[in-house]
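Mapping of the sequence shown onto the numbering used here: position 239 corresponds to residue 244, and the numbering continues sequentially without gaps.
Every residue gets a Cβ at the ideal spot worked out from N, C-alpha and C, and that includes glycine.
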Amino acid sequence: MKLRQLQYVLEIYRNGNHMTAAADVLHTSQPGISKQIQQLEAELGFEVFARQRNKIVGVTEPGREVIAIAQRMLADAERLRHLGETFSKTSAGSLTVATTHTHARYVLPQVIERFVREYPEVRLVLMQESPVQIRELVAAGSADIAIGTEPEKAFPSLVALPGVVLPRSVVAKAGHPILKAKPLTLHEIAKYPILTHGHSGNWKVLGAFRKAGIEPNVVFGALDADVSKTYVKLGLGIAVLTTAAFSAEDDRGLRAIDASHLFPSSTTYIALRANTYLRGFAYDFINFMAPELTPDVVKAALIRPSSGHSGEV
């Protein structure tokens, strides 16, 4: 049994059981991977992957145990490779953070400012994508940490730790009648054209209306809060945004009223690969954002077998 064979197993699993995609990621040939997997299965005495007409269609029950063990073994191997570097050079290296627009724009600036100040030798890379895409980047090993709200898609290979809670507000142009609504209700909001934003935000906002049996007049769905606010200023409607996305100082001409009693909040999750190796400065980055997520808490959460669920804790 070779670590390379276990790496092949994990990469196939991470790529949706597509051997060709795994071969592309590993820069090797599909026949070569297939041969190594067959040798591993012959040594183990059972099939890791379920097949139909020689095509992989899933993971067998014992195969799931192989994946869990492979994750731990490869993570330990990575720790061994980095052990000397950890003790000799604790404040240098690189950290790639995948995040969404809202978090990059409104949640992370102070965290990044502090991190850059305390770790000037660390190369910090910020990648901006949707909640699903940022977790895909971490699952594929292209990013170390994903920071964003919970996506509708599950990621069994990741551990997601809850961080900042993001309540919602209604944002309107100064003088808009919605600002005088007391109490603020879903029926009152639904009287006006609505601009939504984001990915997880859209389904949570619209879900609140559906639950109440109300059909809102959504006229625009932007991918970021800044675009939504631009069109609110133009008088196209009102917006339902995370409260963190509004600043009385920066958003002159606009007003915000709390709507946390009407719409569910979004939780910011810090997503990491299970059983992964993190440098000390990565633990600090997480702790700067969520003080309750100490290195010991994060390490304890990361050490777990693959369980087939999304990993939210």
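Can the beta-carbon of residue i be found closer than 8 Å to that of residue j?
| i | j | result |
| --- | --- | --- |
| V224 | P182 | no |
| Y288 | A80 | no |
| T248 | P172 | yes |
| R278 | S162 | yes |
| R74 | L15 | What sits at residue 74 in the sequence shown is Ile, not Arg. No, they are not a contact pair. |
| F251 | F120 | no |
| V53 | G37 | no |
| V127 | S270 | no |
| V64 | R56 | no |
| G240 | K158 | no |
| A305 | I275 | no |
I need the boundaries of the beta strand (DSSP E) containing residue i, first residue and last residue.
| i | result |
| --- | --- |
| P167 | L163 to L171 |
| V62 | K60 to V64 |
| M132 | V127 to Q133 |
| A244 | I243 to T247 |
| I150 | I150 to T154 |
So is residue i buried or exposed if we call it buried at 16+ other beta carbons inside 10 Å?
| i | result |
| --- | --- |
| H192 | exposed |
| Q43 | exposed |
| K209 | buried |
| L211 | buried |
| S34 | exposed |
| G242 | buried |
| T25 | exposed |
| N155 | The residue you asked about is not Asn; residue 155 is Glu in the sequence shown. Buried, since its Cβ has 16 or more Cβ neighbours within 10 Å. |
| S93 | Since pLDDT at S93 reaches only 47, below the 50 mark, its modelled position is unreliable, and the value read off the structure follows with that caveat. Looking at its Cβ environment, which holds fewer than 16 other Cβ atoms inside 10 Å, S93 is exposed. |
| L267 | buried |
| F160 | buried |
What first and last residue would you give for the alpha helix (DSSP H) that runs through residue i?
| i | result |
| --- | --- |
| R119 | P114 to E123 |
| F290 | G285 to M294 |
| S233 | A230 to K238 |
Report, in whole angstroms, the separation of the C-beta atoms of residue i and residue j, which I expect to be a contact under 8 Å.
| i | j | result |
| --- | --- | --- |
| V176 | L259 | 6 Å |
| Q133 | A109 | 5 Å |
| L189 | Y236 | Not a contact, Cβ separation roughly 21 Å. |
| A82 | L8 | 6 Å |
| Y18 | Q41 | So it is not a contact: roughly 14 Å between Cβ atoms. |
| L307 | N280 | 6 Å |
Check whether the Cβ of residue i lies closer than 7 Å to any heavy atom of the ligand ADP, and answer yes or no.
| i | result |
| --- | --- |
| T154 | Ligands displayed in this structure: none; no statement on the ligand ADP is therefore possible. |
Taking only beta-carbon atoms, is residue i less than 8 Å away from chain D?
| i | result |
| --- | --- |
| G146 | Of the chains in the structure shown, none is chain D; there is only one protein chain. |
### Task
Indicate whether the contact test is met: 3 or more Cβ pairs, each with one atom in the region 255–264 and one in the region 129–141, closer than 8 Å.
No: the two stretches stay apart, fewer than three of their Cβ pairs being nearer than 8 Å.
### Query
Okay, do the region 100–115 and the region 145–158 touch, 3+ Cβ pairs below 8 Å being the bar?
yes
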